[in-house]
Amino acid sequence: MLNKVVIFGVGLIGGSFARALKKAGAVREIVGVGRSAASMARALELGIIDAVGVTGEPSLAAALHGADLVLLAAPVAQTESILAAIAPHLPAGAVVTDAGSTKSDVVAAARRALGGKVAQFVPGHPIAGRETNGPDAAIDHLYIGKKVVLTALAENSAADIERVAAAWRACGAIIHRLTPREHDKVFAAVSHLPHLLAYALVDDIARKPHADLLFQYAASGFRDFTRIAGSSPEMWRDISLANQPALLTELDAYMAQLTLLRARLAAGDGAALERVYSNAQRARHQWITAIEAAEAPPSPDKAE
1 MLNKVVIFGV GLIGGSFARA LKKAGAVREI VGVGRSAASM ARALELGIID
51 AVGVTGEPSL AAALHGADLV LLAAPVAQTE SILAAIAPHL PAGAVVTDAG
101 STKSDVVAAA RRALGGKVAQ FVPGHPIAGR ETNGPDAAID HLYIGKKVVL
151 TALAENSAAD IERVAAAWRA CGAIIHRLTP REHDKVFAAV SHLPHLLAYA
201 LVDDIARKPH ADLLFQYAAS GFRDFTRIAG SSPEMWRDIS LANQPALLTE
251 LDAYMAQLTL LRARLAAGDG AALERVYSNA QRARHQWITA IEAAEAPPSP
301 DKAE
(Lines of atoms letter the chains of each structure in order from A and count residues from 1; the text may use other names and numbers.)
(Lines give C-alpha, C1' and ligand atoms only; values in the text may rest on other atoms or scores of the structure.)
Protein backbone atom coordinates (compact mmCIF):
# COMPACT_ATOMS: atom_id res chain seq x y z
CA MET A 1 0.00 0.00 0.00
CA LEU A 2 1.37 3.36 -1.07
CA ASN A 3 0.50 6.19 1.27
CA LYS A 4 0.82 9.08 -1.19
CA VAL A 5 1.45 9.21 -4.93
CA VAL A 6 2.12 12.46 -6.78
CA ILE A 7 1.50 12.49 -10.53
CA PHE A 8 2.72 15.21 -12.88
CA GLY A 9 0.29 15.05 -15.79
CA VAL A 10 -3.06 13.34 -15.23
CA GLY A 11 -4.06 12.72 -18.82
CA LEU A 12 -4.31 9.30 -20.43
CA ILE A 13 -1.09 7.84 -19.01
CA GLY A 14 -0.95 9.46 -15.59
CA GLY A 15 -4.70 9.40 -15.11
CA SER A 16 -4.96 5.72 -16.03
CA PHE A 17 -2.14 4.95 -13.58
CA ALA A 18 -4.09 6.76 -10.86
CA ARG A 19 -7.35 5.01 -11.70
CA ALA A 20 -5.69 1.59 -11.75
CA LEU A 21 -3.96 2.11 -8.40
CA LYS A 22 -7.23 3.21 -6.84
CA LYS A 23 -9.13 0.27 -8.29
CA ALA A 24 -6.48 -2.09 -6.89
CA GLY A 25 -6.69 -0.45 -3.46
CA ALA A 26 -2.94 0.16 -3.67
CA VAL A 27 -2.84 3.84 -2.67
CA ARG A 28 -4.34 6.05 0.03
CA GLU A 29 -3.96 9.47 -1.62
CA ILE A 30 -3.13 10.75 -5.09
CA VAL A 31 -2.09 14.33 -5.77
CA GLY A 32 -2.11 15.63 -9.33
CA VAL A 33 0.13 18.41 -10.63
CA GLY A 34 -0.13 19.96 -14.08
CA ARG A 35 0.14 23.07 -16.23
CA SER A 36 -3.58 23.35 -16.93
CA ALA A 37 -5.85 24.36 -14.05
CA ALA A 38 -8.83 23.17 -16.09
CA SER A 39 -7.35 19.70 -16.56
CA MET A 40 -6.51 19.44 -12.88
CA ALA A 41 -10.03 20.50 -11.93
CA ARG A 42 -11.47 17.92 -14.33
CA ALA A 43 -9.26 15.17 -12.91
CA LEU A 44 -10.43 16.09 -9.42
CA GLU A 45 -14.06 16.15 -10.55
CA LEU A 46 -13.70 12.68 -12.11
CA GLY A 47 -12.16 11.28 -8.93
CA ILE A 48 -8.88 10.46 -10.64
CA ILE A 49 -6.97 12.44 -8.02
CA ASP A 50 -7.76 13.41 -4.44
CA ALA A 51 -6.02 16.79 -4.41
CA VAL A 52 -4.38 19.26 -6.74
CA GLY A 53 -0.80 20.35 -6.21
CA VAL A 54 0.36 23.67 -7.61
CA THR A 55 3.77 24.21 -9.19
CA GLY A 56 6.08 26.66 -7.47
CA GLU A 57 7.07 27.08 -3.89
CA PRO A 58 5.74 26.51 -1.28
CA SER A 59 2.83 24.63 -2.85
CA LEU A 60 5.09 22.11 -4.59
CA ALA A 61 6.81 21.32 -1.31
CA ALA A 62 3.42 20.64 0.27
CA ALA A 63 2.38 18.41 -2.63
CA LEU A 64 5.53 16.30 -2.30
CA HIS A 65 5.52 16.11 1.49
CA GLY A 66 5.12 12.50 2.59
CA ALA A 67 5.13 11.12 -0.97
CA ASP A 68 6.12 7.49 -1.47
CA LEU A 69 6.10 7.62 -5.27
CA VAL A 70 6.24 10.41 -7.87
CA LEU A 71 5.29 9.72 -11.49
CA LEU A 72 6.22 12.07 -14.32
CA ALA A 73 3.61 11.54 -17.04
CA ALA A 74 4.23 14.81 -18.89
CA PRO A 75 5.85 15.22 -22.35
CA VAL A 76 9.51 14.18 -22.23
CA ALA A 77 10.76 17.69 -23.02
CA GLN A 78 9.39 18.81 -19.64
CA THR A 79 11.25 16.13 -17.68
CA GLU A 80 14.31 18.13 -16.72
CA SER A 81 12.40 21.22 -15.63
CA ILE A 82 10.01 19.15 -13.51
CA LEU A 83 12.85 17.23 -11.87
CA ALA A 84 14.75 20.45 -11.19
CA ALA A 85 11.64 21.94 -9.58
CA ILE A 86 11.00 18.97 -7.29
CA ALA A 87 14.63 18.24 -6.38
CA PRO A 88 14.81 20.66 -3.41
CA HIS A 89 11.55 19.29 -1.98
CA LEU A 90 11.97 15.57 -2.69
CA PRO A 91 11.62 13.57 0.53
CA ALA A 92 14.46 11.19 1.29
CA GLY A 93 12.17 8.17 1.15
CA ALA A 94 10.39 9.03 -2.07
CA VAL A 95 11.00 7.29 -5.38
CA VAL A 96 10.55 9.13 -8.67
CA THR A 97 9.78 7.41 -11.96
CA ASP A 98 8.57 8.50 -15.37
CA ALA A 99 6.47 7.27 -18.27
CA GLY A 100 8.49 8.77 -21.11
CA SER A 101 8.88 7.01 -24.44
CA THR A 102 12.60 7.79 -24.60
CA LYS A 103 15.10 6.92 -21.93
CA SER A 104 18.69 8.00 -22.71
CA ASP A 105 17.73 11.68 -22.77
CA VAL A 106 15.58 11.27 -19.66
CA VAL A 107 18.44 9.66 -17.74
CA ALA A 108 20.78 12.49 -18.77
CA ALA A 109 18.19 15.06 -17.71
CA ALA A 110 17.71 13.32 -14.36
CA ARG A 111 21.45 13.36 -13.66
CA ARG A 112 21.62 17.09 -14.39
CA ALA A 113 18.50 18.02 -12.45
CA LEU A 114 18.72 15.71 -9.44
CA GLY A 115 22.46 15.56 -8.87
CA GLY A 116 23.09 13.49 -5.75
CA LYS A 117 19.42 12.51 -5.57
CA VAL A 118 19.51 10.69 -8.91
CA ALA A 119 19.53 7.36 -7.04
CA GLN A 120 15.87 8.08 -6.21
CA PHE A 121 14.93 8.14 -9.92
CA VAL A 122 13.94 4.84 -11.57
CA PRO A 123 13.25 5.43 -15.29
CA GLY A 124 10.25 3.63 -16.78
CA HIS A 125 8.06 3.38 -19.86
CA PRO A 126 4.57 1.80 -19.95
CA ILE A 127 3.91 0.27 -23.36
CA ALA A 128 0.27 1.19 -23.60
CA GLY A 129 -1.75 4.03 -24.99
CA ARG A 130 -4.66 5.26 -27.04
CA GLU A 131 -5.07 8.11 -29.48
CA THR A 132 -7.11 10.15 -27.00
CA ASN A 133 -5.72 12.61 -24.47
CA GLY A 134 -6.65 14.39 -21.26
CA PRO A 135 -8.25 13.29 -17.98
CA ASP A 136 -11.42 12.08 -19.70
CA ALA A 137 -9.32 9.55 -21.64
CA ALA A 138 -8.05 7.86 -18.45
CA ILE A 139 -9.26 4.30 -17.85
CA ASP A 140 -8.55 1.87 -15.02
CA HIS A 141 -7.66 -1.09 -17.25
CA LEU A 142 -5.21 0.51 -19.69
CA TYR A 143 -2.21 -1.40 -18.34
CA ILE A 144 -3.68 -4.86 -17.81
CA GLY A 145 -1.45 -7.36 -19.59
CA LYS A 146 0.73 -4.59 -21.01
CA LYS A 147 4.51 -4.31 -20.67
CA VAL A 148 6.25 -1.70 -18.56
CA VAL A 149 9.96 -1.36 -19.30
CA LEU A 150 12.20 -0.25 -16.43
CA THR A 151 15.65 1.04 -17.36
CA ALA A 152 17.09 1.12 -13.86
CA LEU A 153 20.23 3.05 -13.01
CA ALA A 154 23.30 1.60 -11.32
CA GLU A 155 22.59 3.94 -8.40
CA ASN A 156 19.06 2.61 -7.81
CA SER A 157 18.48 0.37 -4.81
CA ALA A 158 16.68 -2.92 -5.29
CA ALA A 159 13.96 -1.73 -2.92
CA ASP A 160 13.30 1.43 -4.93
CA ILE A 161 13.15 -0.50 -8.20
CA GLU A 162 10.71 -2.93 -6.62
CA ARG A 163 8.50 -0.10 -5.36
CA VAL A 164 8.08 1.16 -8.92
CA ALA A 165 7.63 -2.36 -10.29
CA ALA A 166 5.05 -3.23 -7.63
CA ALA A 167 3.01 -0.12 -8.43
CA TRP A 168 2.88 -1.04 -12.10
CA ARG A 169 2.07 -4.67 -11.27
CA ALA A 170 -0.85 -3.41 -9.16
CA CYS A 171 -2.09 -1.79 -12.39
CA GLY A 172 -1.94 -5.20 -14.10
CA ALA A 173 1.28 -4.62 -16.03
CA ILE A 174 4.14 -7.01 -16.77
CA ILE A 175 7.62 -5.74 -15.90
CA HIS A 176 10.51 -5.91 -18.37
CA ARG A 177 14.07 -4.61 -18.01
CA LEU A 178 16.30 -2.94 -20.63
CA THR A 179 19.18 -0.49 -20.59
CA PRO A 180 18.31 3.06 -21.73
CA ARG A 181 20.27 2.57 -24.98
CA GLU A 182 18.58 -0.78 -25.73
CA HIS A 183 15.20 0.78 -25.03
CA ASP A 184 15.69 3.69 -27.41
CA LYS A 185 16.93 1.50 -30.26
CA VAL A 186 13.98 -0.87 -29.89
CA PHE A 187 11.30 1.79 -29.71
CA ALA A 188 12.73 3.86 -32.53
CA ALA A 189 11.92 0.88 -34.75
CA VAL A 190 8.58 -0.31 -33.44
CA SER A 191 6.96 2.84 -32.05
CA HIS A 192 8.61 6.11 -33.00
CA LEU A 193 9.05 5.33 -36.70
CA PRO A 194 5.43 4.11 -37.13
CA HIS A 195 4.15 7.33 -35.56
CA LEU A 196 6.33 9.44 -37.87
CA LEU A 197 5.06 7.49 -40.89
CA ALA A 198 1.41 7.80 -39.86
CA TYR A 199 1.70 11.55 -39.31
CA ALA A 200 3.54 11.94 -42.63
CA LEU A 201 0.91 10.03 -44.62
CA VAL A 202 -2.08 11.89 -43.19
CA ASP A 203 -0.32 15.24 -43.57
CA ASP A 204 0.55 14.42 -47.19
CA ILE A 205 -3.04 13.56 -48.07
CA ALA A 206 -4.44 16.54 -46.15
CA ARG A 207 -2.28 18.90 -48.23
CA LYS A 208 -3.49 17.60 -51.59
CA PRO A 209 -5.97 19.85 -53.46
CA HIS A 210 -8.51 17.02 -53.57
CA ALA A 211 -8.02 15.97 -49.94
CA ASP A 212 -11.76 16.02 -49.18
CA LEU A 213 -12.41 13.50 -51.94
CA LEU A 214 -9.57 11.25 -50.77
CA PHE A 215 -10.71 11.23 -47.16
CA GLN A 216 -14.27 10.55 -48.30
CA TYR A 217 -13.19 7.20 -49.69
CA ALA A 218 -10.65 6.27 -47.03
CA ALA A 219 -11.92 3.12 -45.32
CA SER A 220 -10.98 0.87 -42.42
CA GLY A 221 -7.52 0.02 -43.73
CA PHE A 222 -6.57 3.68 -43.84
CA ARG A 223 -8.14 4.26 -40.43
CA ASP A 224 -6.23 1.39 -38.84
CA PHE A 225 -2.93 2.34 -40.47
CA THR A 226 -3.19 5.98 -39.42
CA ARG A 227 -4.88 5.60 -36.01
CA ILE A 228 -1.77 6.70 -34.13
CA ALA A 229 -1.69 10.00 -36.04
CA GLY A 230 -4.49 11.01 -33.67
CA SER A 231 -2.01 11.07 -30.77
CA SER A 232 -0.68 14.23 -29.11
CA PRO A 233 1.48 16.20 -31.60
CA GLU A 234 3.35 17.89 -28.74
CA MET A 235 4.24 14.59 -27.13
CA TRP A 236 5.41 13.00 -30.39
CA ARG A 237 7.37 16.08 -31.41
CA ASP A 238 9.30 15.75 -28.15
CA ILE A 239 9.79 12.00 -28.56
CA SER A 240 11.03 12.37 -32.15
CA LEU A 241 13.61 14.97 -31.21
CA ALA A 242 14.65 13.21 -28.01
CA ASN A 243 15.38 9.97 -29.86
CA GLN A 244 16.68 11.64 -33.01
CA PRO A 245 19.81 9.49 -33.65
CA ALA A 246 18.05 6.14 -33.35
CA LEU A 247 14.98 7.39 -35.22
CA LEU A 248 17.09 8.70 -38.10
CA THR A 249 18.80 5.31 -38.37
CA GLU A 250 15.44 3.55 -38.62
CA LEU A 251 14.05 6.15 -41.03
CA ASP A 252 17.06 5.76 -43.34
CA ALA A 253 16.60 1.98 -43.34
CA TYR A 254 12.91 2.35 -44.13
CA MET A 255 13.61 4.79 -46.95
CA ALA A 256 16.06 2.29 -48.43
CA GLN A 257 13.32 -0.36 -48.27
CA LEU A 258 10.89 1.99 -50.01
CA THR A 259 13.46 2.75 -52.72
CA LEU A 260 13.89 -0.98 -53.32
CA LEU A 261 10.13 -1.56 -53.45
CA ARG A 262 9.73 1.34 -55.87
CA ALA A 263 12.33 -0.16 -58.19
CA ARG A 264 10.57 -3.54 -58.14
CA LEU A 265 7.20 -1.88 -58.75
CA ALA A 266 8.60 0.18 -61.64
CA ALA A 267 10.10 -2.98 -63.13
CA GLY A 268 6.80 -4.83 -62.83
CA ASP A 269 8.51 -7.49 -60.70
CA GLY A 270 5.42 -9.03 -59.12
CA ALA A 271 7.28 -12.04 -57.74
CA ALA A 272 9.70 -9.82 -55.79
CA LEU A 273 6.86 -7.69 -54.43
CA GLU A 274 4.95 -10.78 -53.35
CA ARG A 275 8.01 -12.13 -51.50
CA VAL A 276 8.20 -8.94 -49.45
CA TYR A 277 4.45 -8.96 -48.80
CA SER A 278 4.49 -12.64 -47.83
CA ASN A 279 7.41 -12.23 -45.45
CA ALA A 280 5.67 -9.26 -43.83
CA GLN A 281 2.39 -11.17 -43.54
CA ARG A 282 4.10 -14.17 -41.94
CA ALA A 283 6.03 -12.01 -39.48
CA ARG A 284 2.90 -10.09 -38.50
CA HIS A 285 0.88 -13.25 -37.94
CA GLN A 286 3.62 -14.64 -35.70
CA TRP A 287 3.80 -11.39 -33.77
CA ILE A 288 0.02 -11.18 -33.29
CA THR A 289 -0.10 -14.78 -32.07
CA ALA A 290 2.66 -14.12 -29.56
CA ILE A 291 1.03 -10.90 -28.34
CA GLU A 292 -2.36 -12.52 -27.94
CA ALA A 293 -0.83 -15.36 -25.94
CA ALA A 294 1.09 -12.96 -23.68
CA GLU A 295 -1.86 -10.66 -23.04
CA ALA A 296 -4.55 -13.32 -22.67
CA PRO A 297 -6.41 -12.95 -19.35
CA PRO A 298 -6.03 -15.92 -16.98
CA SER A 299 -8.73 -18.56 -17.11
CA PRO A 300 -11.02 -18.72 -14.05
CA ASP A 301 -9.44 -21.93 -12.80
CA LYS A 302 -5.94 -20.37 -12.94
CA ALA A 303 -6.81 -17.02 -11.40
CA GLU A 304 -5.15 -16.18 -8.11
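Take the sequence shown: its letter number 161 is residue 161 in full-length UniProt numbering, and every next letter is one higher. Yeah, the Cβ is synthetic: ideal placement off N, Cα and C, and Gly gets one too. If you're wondering where the values come from, they're calculated on a predicted model, not measured in any experiment.
By the Cβ rule, the stretch 12-21 counts as touching the stretch 66-81, because three or more pairs are nearer than 8 Å.
Rounded to whole angstroms, Val107 and Leu83 show a C-alpha spacing of 11 Å.
Looking at the DSSP output, Glu155 shares a beta bridge with no other residue. For the set Arg177, Ala173, Trp168, the Cα lying nearest the Cα of Ala152 is the one of Arg177.
One thing to note: Val96 has its Cβ no nearer than 8 Å to the Cβ of Gly124. The Cβ atoms of Pro194 and Ile239 do not sit closer than 8 Å to each other. Under DSSP, the beta-bridge partners assigned to Asp98 are Leu72.
When the five nearest sequence neighbours on each side are left out, the beta carbons in the same chain lying within less than 7 Å of the beta carbon of Val202 are those of Thr226, Ala229, in order along the chain.
Uninterrupted alpha helix (DSSP H) stretches at least 4 residues long and entirely within the stretch 221-252 occur at 233-242, given in chain order.
Around the beta carbon of Met40, 16 or more other beta carbons lie within 10 angstroms, which makes this residue buried.
The residue from Gly100, Ala77, Ala61 with its alpha-carbon nearest to that of Ala94 is Ala61. Each residue's CA atom was taken as its position, placing Asn279 and Thr289 some 16 Å apart. For Arg177, the uninterrupted beta strand (DSSP E) run begins and ends at 174-177, by DSSP. Residue Tyr199 holds the alpha-carbon nearest to the alpha-carbon of Arg223 among Met235, Gln244, Tyr199, Arg237.
Residue environment for Gly270: exposed (fewer than 16 other C-beta atoms within 10 angstroms of its C-beta).
Between Ala154 and Leu114, the C-beta spacing is not below 8 Å. Around the beta carbon of Thr259, a 10 Å sphere encloses fewer than 16 other beta carbons of the protein chains shown; the residue is thus reported as exposed. Sequence-distant partners of Leu142 (beyond 5 residues in either direction) whose C-beta falls short of 6 Å from its own C-beta, in its chain, are Ser16, Ala128. Contact between Val122 and Val186 is absent: CB atoms are separated by about 19 Å, not below the 8 Å threshold. Distance from the CA of Gly134 to the CA of Trp287, rounded to the nearest whole angstrom, comes to 31 Å. Per DSSP, the beta bridge partners of Val149 are His125, His176. Leu64 and Lys103 have their alpha carbons spaced roughly 24 Å apart.
About 18 Å separates the Cβ atoms of Asp68 and Val118, ruling out a contact at the 8 Å cut-off. When rounded, the separation of the alpha-carbon atoms in Ile174 and Met1 is 19 Å.
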